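As numbered in the UniProt record's numbering, the sequence shown has no gaps in its residue numbers, which increase by one up to the final residue, 235. Notes follow once the structure below has been shown.
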Amino acid sequence: MLKTFKGDAITVKKGEPIEVPAEVTGLPMPKVEWLKDEVIIVEPTETLLMETKEINRVQCNTKLSIPAAARLDKGIFTVTASNRLGSASHTIKVKVLDRPLPPRNVNIGNIKAESCQLTWDAPEDNGGSELTNYIVEKLDILPEEEPEEEYEDSEDEEPKTKPEPEPRPIPVWTVITNSIIEKRFGVWNLETGRQCQFRVRAENRYGQSDACETEAAVIKDLYGLPGPPEKPKIA
């Protein structure tokens, strides 16, 4: 009752089209239905199309197509043909590959005078392909600008020309490692007192994820020696 199947599995990259054609024969003409993950697909949509054409009184062609596959399209697709004399079905597993989702819960811990420890959780979805590595980046946050000195001209002096301020550098993310697979990384040789921010990406053979960022943290020894005492006050 069902013909024209090239296999039981289809694997595509995100954005590629998917087509699952089938030839149906039977008398009386069978009723054709498509299911995804055992749920009947009632109507076609813009992203999932179904088409059935009668060729003659005992034969029809049906096709399920997805113009641009997304990760949500992965699953088990089944076509069924049934009439009062019986039924037949065929199942195809569809796999859609993509870059992973971002890592989760990136955290800065064990902060010391020149180092810290980063930890994170794996992405909820690896894109259908095993992760190859994580990329860790650092951003040095610039301190607040000090207020500009005001110039006052006396009556006998010529007006002073206010100097042009130097352009403020733009903070840039820099890669500090791109070759680890463990979900932790120790960062060393940091500048004491500097405020830093970190972010982590996951990578598989199909690309890099978006980044998961930490909150900004000041690099300092939390258990260092105390500073000098303040000047005593006389009550």
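The beta carbon of each residue, even a glycine, is placed where N, CA and C say it ideally should be. Owing to the predicted nature of the structure, the values given are computational and were not obtained by experimental measurement.
Which residues does DSSP list as the beta-bridge partners of residue 64?
The residue you call residue 64 lines up with position 64 of the sequence shown. BP columns for residue 64 point to 20 and 50.
Between residue 137 and residue 174, how many whole angstroms is the CB-CB distance? I'm expecting something under 8 Å.
By 1-based counting over the sequence shown, the position of residue 137 is 137. By 1-based counting over the sequence shown, the position of residue 174 is 174. Yes, residue 137 and residue 174 are in contact; Cβ-Cβ is about 6 Å, under 8 Å.
Whole-angstrom distance between residue 13 and residue 238, CA atom to CA atom:
Any property of residue 238 remains undetermined from this structure, which presents the chain solely from 1 to 235.
Could you name the residues that DSSP lists as bridge partners for residue 245?
No information on residue 245 is available, as it lies outside the stretch 1 to 235 that the chain covers here.
Would you check if the distance between the CB atom of residue 113 and the CB atom of residue 221 is smaller than 8 Å?
By one-based count along the sequence shown, residue 113 stands at place 113. By one-based count along the sequence shown, residue 221 stands at place 221. Yes, they are a contact pair.
Would the beta-carbon of residue 181 fall within 8 Å of that of residue 131?
Here the question's residue 181 lines up with position 181 in the sequence shown. Here the question's residue 131 lines up with position 131 in the sequence shown. It is a contact, given that the beta carbons lie within the stated cut-off.
With a Cβ-Cβ cutoff of 8 Å, do residue 100 and residue 139 count as a contact?
Within the sequence shown, numbered from 1, the residue matching residue 100 stands at position 100. Within the sequence shown, numbered from 1, the residue matching residue 139 stands at position 139. In this structure, residue 100 keeps its C-beta atom at 8 Å or more from the C-beta atom of residue 139.
Could you tell me if residue 10 is buried or exposed, where buried requires 16 or more neighbouring beta carbons within 10 angstroms of its beta carbon?
As a working mapping, residue 10 is identified with position 10 in the sequence shown. The residue is buried, with at least 16 neighbouring Cβ atoms inside 10 Å.
Could you tell me whether any Cβ in chain D is nearer than 8 Å to the Cβ of residue 197?
Among the chains of the structure shown, chain D does not appear; only one protein chain is present.
Quickly, what does DSSP pair residue 138 with across the bridge? List them, please.
Stepping through the sequence shown from its first residue, residue 138 is reached at position 138. In the DSSP output, where bridge partners are listed per residue, residue 138 has 174 and 198.
Rank 72, 21 and 102 by C-alpha distance to the C-alpha of residue 63 and give the top, closest one.
Along the sequence shown, read from residue 1 onward, the residue named residue 63 stands at position 63. With distances taken between Cα atoms, residue 63 lies closest to 21.
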